[in-house]
Amino acid sequence: MTQETLLIGLAGVLASAAPVVFAVIGETLSERAGVLNLSMNGTILLAAMGGFAVAYTTDNILLGFLAGMLIGALVALVVAFASITLKQSQVAVGFVLALTCRDLSYFLGSPYMGVPGPRLQVVPIPLLSDIPVLGTLFFRQDFITYLSFLFIFLAWAWIFRTRSGLMLQGIGEKPAAAYIRGANVTLMRYVYTVIGGALIGLTGPAYSLAIRAGWMGTISGLDGIGWIALAITIFGGWNPLRGAFGAYLFAFLQWLGLVLQPVLTQVPSQVLQVAPFPLMILTLLLVNIGNAEWVERTLAAMPESTRKFFAKLLRAMRASPPAALGVPFISRSRKRVLGGLYRRICARGRKLRAVFVKY
-4 MTQETLLIGL AGVLASAAPV VFAVIGETLS ERAGVLNLSM NGTILLAAMG
46 GFAVAYTTDN ILLGFLAGML IGALVALVVA FASITLKQSQ VAVGFVLALT
96 CRDLSYFLGS PYMGVPGPRL QVVPIPLLSD IPVLGTLFFR QDFITYLSFL
146 FIFLAWAWIF RTRSGLMLQG IGEKPAAAYI RGANVTLMRY VYTVIGGALI
196 GLTGPAYSLA IRAGWMGTIS GLDGIGWIAL AITIFGGWNP LRGAFGAYLF
246 AFLQWLGLVL QPVLTQVPSQ VLQVAPFPLM ILTLLLVNIG NAEWVERTLA
296 AMPESTRKFF AKLLRAMRAS PPAALGVPFI SRSRKRVLGG LYRRICARGR
346 KLRAVFVKY
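Be aware that the sequence shown starts at -4, since it is given in our numbering, and climbs by one per residue.
Given below as structure tokens:
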């Protein structure tokens, strides 16, 4: 394999990971707000079909992408209404919508199966695309890949470097406390769920108009991408930067399986094709293994220098979901909430006073 071939392959990894990046960022925003959107897999399929159908009918790729985002936003709005307003199980609502959207995409998309349609073209950036190595990797991509690069850092900066992002973390961790500080928890959950759904919807046409260019129904290979994106969201610890790394890792493993097929002729090609999926499961286990009690006992038995190294590594990998994820928020008046907090503080004060008096 020549250097040019290697660079083109790695550039393809970045491009093929772009749709998953959008899905991971969208799910991260939704779950950071406390809403678990499990309709993602069906949404991606329906948006891929709808986006391709609109782009094919209008001969306008931009309208195709907007249609995919609109489909994702509408499905997310149903999730938000059922889980936030009606207080229904977010898991049940998500699964039902995932199956419904999947079947709808196959049914409504049957007239477009195998139809050649428009495809997003590569747009090299002048001057930057001529830079050795970096130019081939980053600056000879299509518009949707450039947009994914931008969204990774925008989402990270929004969540962790802005006041609104801190409020977003608050409604996902302690919605009652955010409510006391003046946040409209219900409205914010609606907004972030719909925005996240629009980004998830963008994943669909990113496949059908850029990566694979067309709608192939049940043989499109898209069924399951949503569940992979959900796993990568968990792997990323609800952090856009880590989530993007997980998306690129998954795309790299898929590419590596294709590269190794001619070399490992004794290994069935199906094994190499499905290898990224169990590897992602193994990665998820490694991310969350630090929470197990037996790991703490094992670390305690190690020499101090070794223990510090592994403890630091596990802390860096450890990821915990937002505390209020999937938990409905029951709005009460701020006066009642503050009154309840005041009563609990007074009760604890009386207990402490009794302890001091006793001793």
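Idealized CB from N, CA, C, for every residue including glycine. If you're wondering where the values come from, they're calculated on a predicted model, not measured in any experiment.
Residues that residue i bridges to, as DSSP identifies them
i, result
"Trp151", "In DSSP, Trp151 forms no bridge with anything."
"Met108", "Trp210"
"Asp137", "Val117"
Contact set for residue i: own chain, Cβ-Cβ below 8 Å, skip 5 residues either direction
i, result
"Phe138", "Leu115, Val118"
"Leu379", "Limits of the chain in this structure are -4 at one end and 354 at the other, which puts residue 379 out of reach."
"Ile3", "Thr131"
"Ile66", "Thr38, Leu41, Ala42, Gly45, Gly46, Gly196, Gly199"
"Val86", "Leu31, Leu33, Gly321"
"Ala150", "Ile20, Thr23, Leu24, Pro235"
Run of the alpha helix (DSSP H) containing residue i, from where it starts to where it stops
i, result
"Pro200", "180 to 201"
"Leu2", "-2 to 27"
"Ile166", "158 to 168"
"Trp222", "220 to 230"
"Ala318", "Ala318 -> no alpha helix (DSSP H), and no H or E assigned at all."
"Ala48", "35 to 53"
"Thr95", "85 to 103"
"Phe245", "235 to 255"
"Phe324", "Where Phe324 is concerned, there is no enclosing alpha helix (DSSP H), given that its DSSP letter is neither H nor E."
Residues near residue i by beta carbon distance below 6 Å, same chain, minus five either side
i, result
"Glu291", "none"
"Leu58", "Val49"
"Ala208", "Arg114"
"Val15", "Ala224, Ala242"
Environment of residue i [buried if 16+ CB atoms lie within 10 Å]
i, result
"Glu22", "buried"
"Ser105", "exposed"
"Met297", "exposed"
"Leu94", "exposed"
"Ala28", "buried"
"Phe359", "The structure shown does not extend to residue 359, since the chain spans only -4 to 354, so no value can be given for it."
"Leu309", "buried"
"Leu194", "buried"
"Val128", "exposed"
"Ser100", "buried"
"Glu(-1)", "exposed"
"Arg237", "buried"
"Leu280", "exposed"
Of the listed residues the options, nearest to residue i (C-alpha basis)
i, options, result
"Gly109", "Ala306, Gly212, Arg158, Leu309", "Gly212"
"Phe272", "Val74, Ala193, Ile220, Pro316", "Ile220"
"Gly191", "Leu145, Ala75, Ile325", "Ala75"
"Tyr364", "Ser78, Pro121, Phe155, Leu280", "Because the chain here runs from -4 to 354, residue 364 falls outside it and cannot be looked at."
"Ile56", "Gly89, Thr80, Ala205, Asn36", "Ala205"
"Val379", "Val269, Phe240, Leu69, Leu123", "A question about residue 379 goes unanswered here, because the residues of the chain that appear run from -4 up to 354."
"Leu248", "Gly232, Val258, Val269, Gln261", "Val269"
"Pro317", "Phe17, Ala178, Ser11, Thr228", "Thr228"
"Ser124", "Arg158, Phe305, Val88, Ala6", "Ala6"
Own chain partners of residue i with C-beta closer than 7 Å, once the 5 adjacent residues on each side are dropped
i, result
"Ala173", "Met162, Gly165, Ile166, Val180"
"Leu217", "Ile39, Leu40, Ala43, Tyr202"
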